[in-house]
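Going down the list, the protein sequences come from chains B and H. Going by our numbering, the letters in the first sequence line up with residues 1470 to 1754, in that order. Going by our numbering, the letters in the second sequence line up with residues 56 to 238, in that order. What follows is one structure encoded as C-alpha cells, with my remarks underneath.
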Amino acid sequence: MSHSHSDTVPLHASSQSDIDEIENLINATVHSGPATVLPARPPAPPRPDPRLLLPLPPFLHPPEPPRSSPTRSSSPPWPGGGRPPPPLPPSGGGGSGRGRGHRVRAGPEHAHGAGLGHGEAGHVEDREQFEAGGVPEPVPGRPREGAEGLGSLGPFFFIVFLGLVLSWSASVKKSEVFAVAFAVLAAGAVILTLNVLLLGGHIIFFQSLSLLGYCLFPLDVGALICLLKDNVILKVIVVSVTLAWSSWAAYPFMSSAVNPRRKALALYPVFLMYVSVGFLIIAID
Amino acid sequence: MDPSQPVVENYANPRTCFFHVAFKAAALAFYILSALFFDNFVIIFVVTVFLAALDFWVVKNVSGRILVGLRWWNEINDNGESVWRFECLDQESLARMNKKDSWLFWWTLYLTAVLWTILGIFSLIRFQADYLLVVGVCLTLSVANIVGFTKCRKDAKKQIQAFATQTIATRFSSTLQSAFSVV
C-alpha cells in the first residue's frame, strides 16, 4: 500500500493526499449502498390530500382544501400512490386540471411506456422494514403499496358484484350472463385504458383500471335496486340516474388525462360502455 | 452426530411454505373437482378467483420475502410516473436462505402456471369460453408473480456480477497503486 511505501520512497506531498483521496473514494463505493444509483428525488410535494385514500365518489367528498402545490405540467400527480384511485379529480380538481397545460406525448410509440412505467432494481436498504413486511414509503406520508396489494381487489369486487347481481336477476342462462358481464367489463376497462394511451394521453395503467372499476359502484347500486323491484319504468329511471352518476364520476379523471381537444374521444367510449351495461341491467328479465 | 448420514436441512419456514402451496392447490383443486359436483359456474368462478387472488397476495407479500428474500412493487414517483421496483437482500443473506424453501418456492410457482395453462387448453378444446375466463384470470395472477420475482432474481444476478466486478476492480486498482508507488 502507498503508506508503507511512502516511508521508503518520498512522494510529493500533494500526490500522497491525492492517492489517499482516491483510495477513500474507492473504499467508500465498495462498502456503501446498492449497486445501482437511484435517481435523486426532487423535493417532496406537500402532504397528500387524505381524501385520496377514501374510495368515495366525488360528490361525497368534503370540499377540497386549497392546493398550494406547484403547478406541474406533467400527468396528474398522484400522491396517493397506487391506493386504488377513487373516482376523484386528481390534484386541483376538475377546474384547475383543465386549466393546466398538458404535456401530451404524441404517438402510439409512447403508449405502453407511458402507461406501464419503467423498472428499477436495487438492494434492500432497510432490513428491519423488509422483515416486518410491506414496502418502503417512497415519500414520507405517501401510502406505500401500488396496485398489487389488496387495493386492486376493490374494483375487481365491484365488477364481480355487478356480474353476480345480473346473474341473479336473470331467470335463464345465469352463468352466461355472469361471464358476459365480467368479460365485457374487464375487457372494456383494458381497452378504454389503451384508448386513452393511444390518444397520447398520460395515465397509469392500473390507476385507470381501478378508476373504471370504482366508477361502476353507482351501476352496482342500480342493478341491485332493479333486482329487488321489477318495474320497467323504475328500472329505466334508476339506470339513467346511476349511469349519469358513473359517467360524471369518471369524467374528471379521463378528461384531464388527455389533450383538451381529444377529451370527447376519450370520454365517449367510457360513456358507451356504461350505457351498454345499463342496457344489460334494464334488459335482464 | 452420525457421520454416515449427510446433513439434510429441513424447511426453515414450514408455515410459510405451507401457505405458499395451500392456496394454489386449493384453487386448482376446487376448479378441477367442482366441475364434478357443482353445476353453478358462478360459484366456481368466484371461489376459484378468490383463492387465486389470496394466493397472489400471499406469494407476493409473504412467501417471496421470507423464502427467497425478494420483493417487488409498484409506486408512483414524484413526477407522477409509475415505477416498478425490484429489490433483493444482500449477498450474504441470500446465500444463507434455505435451499429447500427456495426450491419449493420456484417450483410451485412455475408448476401452477403450467397447470393453469393445461387447464386452459382443455377448456379451449371443449369450447367452454366461461371456464377459459376463470383460467385466464388465474393464469394472469400466476404469471404476474412469476415475472415480478424473476425480474428480482435476474437483477440479483446482475448485482452479483456488478459487485464481483467492483471487488475485482478495487483489488486491481490497489495493486496498480502499490505497483505505481514502488516505481
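Just so it is clear, CB atoms sit at the ideal spot from N, CA and C, and this is done for glycine as well.
Which partner residues of residue i appear in the DSSP bridge assignment?
i                         : result
asparagine 129 of chain H : H:Trp139
glycine 1591 of chain B   : H:Glu142
Using a beta-carbon distance below 8 Å, is residue i in contact with chain B?
i                         : result
threonine 225 of chain H  : yes
valine 138 of chain H     : yes
valine 202 of chain H     : no
leucine 188 of chain H    : yes
lysine 212 of chain H     : no
glutamate 147 of chain H  : no
isoleucine 131 of chain H : yes
methionine 56 of chain H  : For methionine 56 of chain H, the pLDDT reaches just 49, beneath the cut-off of 50, and the residue's location in the model is therefore unreliable, leaving the point undetermined.
alanine 108 of chain H    : yes
leucine 164 of chain H    : no
tryptophan 128 of chain H : yes
asparagine 68 of chain H  : no
cysteine 72 of chain H    : no
leucine 194 of chain H    : no
Does DSSP put residue i in a helix, in a strand, or in coil?
i                           : result
glutamate 1606 of chain B   : coil
proline 1512 of chain B     : Only weak support is given to the placement of proline 1512 of chain B: the predicted model assigns it a pLDDT of 46, under 50, and the question is left unresolved by the model.
glycine 203 of chain H      : helix
arginine 181 of chain H     : coil
leucine 1521 of chain B     : Residue placement at leucine 1521 of chain B is poorly supported in this model, since its pLDDT is 47, which falls under 50; the coordinates are not used for a value here.
phenylalanine 93 of chain H : coil
cysteine 72 of chain H      : helix
leucine 1685 of chain B     : coil
aspartate 1699 of chain B   : coil
isoleucine 1491 of chain B  : helix
leucine 1668 of chain B     : coil
valine 102 of chain H       : helix
serine 157 of chain H       : helix
glycine 1691 of chain B     : helix
lysine 1704 of chain B      : helix
valine 1641 of chain B      : coil
isoleucine 119 of chain H   : Looking at the sequence shown, residue 119 of chain H is not isoleucine but glycine. In the structure shown, glycine 119 of chain H sits in a helix (DSSP, three-state: H, G or I).
methionine 152 of chain H   : coil
methionine 1742 of chain B  : helix
glycine 1632 of chain B     : helix
valine 1727 of chain B      : coil
isoleucine 1660 of chain B  : helix
glycine 175 of chain H      : helix
isoleucine 1673 of chain B  : coil
glycine 1586 of chain B     : coil
valine 114 of chain H       : helix
asparagine 134 of chain H   : coil
arginine 1536 of chain B    : With a pLDDT of 43 at arginine 1536 of chain B, under the threshold of 50, the predicted position of this residue should be treated as unreliable, though the coordinate-derived value follows. Coil at arginine 1536 of chain B, not helix or strand.
For residue i, decide whether its Cβ has a neighbour in chain H, counting only Cβ atoms nearer than 8 Å.
i                             : result
phenylalanine 1627 of chain B : no
glycine 1670 of chain B       : no
valine 1604 of chain B        : yes
phenylalanine 1722 of chain B : no
glycine 1462 of chain B       : Residue 1462 of chain B lies beyond the stretch modelled for chain B, which goes from 1470 to 1754, so this question has no answer here.
glycine 1657 of chain B       : no
alanine 1692 of chain B       : no
glutamate 1490 of chain B     : no
glycine 1682 of chain B       : no
alanine 1652 of chain B       : yes
isoleucine 1660 of chain B    : no
arginine 1516 of chain B      : Residue confidence for arginine 1516 of chain B is low, a pLDDT of 46 falling below 50, so the modelled location carries little weight; the figure read from the coordinates is stated next. No - not a single Cβ of chain H is within 8 Å of the one on arginine 1516 of chain B.
Going by C-alpha to C-alpha distance, which of the options sits closest to residue i?
i                          : options                                    : result
glutamate 1589 of chain B  : H:Ala90, H:Lys206, H:Gly175                : H:Lys206
valine 1629 of chain B     : B:Phe1686, B:Glu1594, B:His1587            : B:Phe1686
isoleucine 1672 of chain B : B:Glu1492, B:Gly1586, B:Leu1494            : B:Gly1586
serine 1677 of chain B     : B:Asp1689, B:Ile1694, B:Lys1643, B:Ala1656 : B:Ala1656
arginine 70 of chain H     : H:Ala217, H:Ala90, H:Val113                : H:Val113
serine 1640 of chain B     : B:Ser1745, B:Ala1652, B:Ile1753            : B:Ile1753
leucine 83 of chain H      : H:Ala199, H:Lys209, H:Gly191               : H:Gly191
leucine 1654 of chain B    : B:Leu1693, B:Gly1669, B:Asp1595, B:Gly1682 : B:Gly1682
alanine 1726 of chain B    : B:Gly1623, B:Leu1668, B:Gly1603, B:Ile1751 : B:Leu1668
cysteine 193 of chain H    : H:Phe100, H:Ala80, H:Val76, H:Ala107       : H:Ala107
leucine 1688 of chain B    : B:Lys1698, B:Leu1680, B:Ser1709, B:Phe1647 : B:Ser1709
asparagine 65 of chain H   : H:Lys155, H:Gln183, H:Ala224               : H:Lys155
leucine 159 of chain H     : H:Val123, H:Phe227, H:Thr225               : H:Val123
alanine 199 of chain H     : H:Asp110, H:Arg226, H:Lys213               : H:Asp110
histidine 1592 of chain B  : H:Arg226, H:Asn116, H:Asp145               : H:Asp145
asparagine 1493 of chain B : H:Ser236, H:Ser228, H:Ala234               : H:Ser228
For the ligand SAM, is there any heavy atom lying closer than 7 Å to the beta carbon of residue i?
i                      : result
leucine 179 of chain H : This structure does not include the ligand SAM; it has no bound ligands of any sort.
Residues in the stretch 1634–1648 of chain B with C-beta within 8 Å of chain H's C-beta atoms, listed in sequence order? Ser1636, Lys1643, Ser1644, Glu1645, Phe1647, Ala1648
Any C-beta of chain H within less than 9 Å: which residues of the stretch 1742–1753 of chain B qualify? none
Residues in the stretch 1584–1598 of chain B having any Cβ partner in chain H nearer than 9 Å: Gly1584, Leu1585, Gly1586, His1587, Gly1588, Glu1589, Ala1590, Gly1591, His1592, Val1593, Glu1594, Arg1596
Taking a Cβ distance cut-off of 7 Å, strictly less, list which residues of the stretch 1692–1713 of chain B are near chain H, in chain order. none
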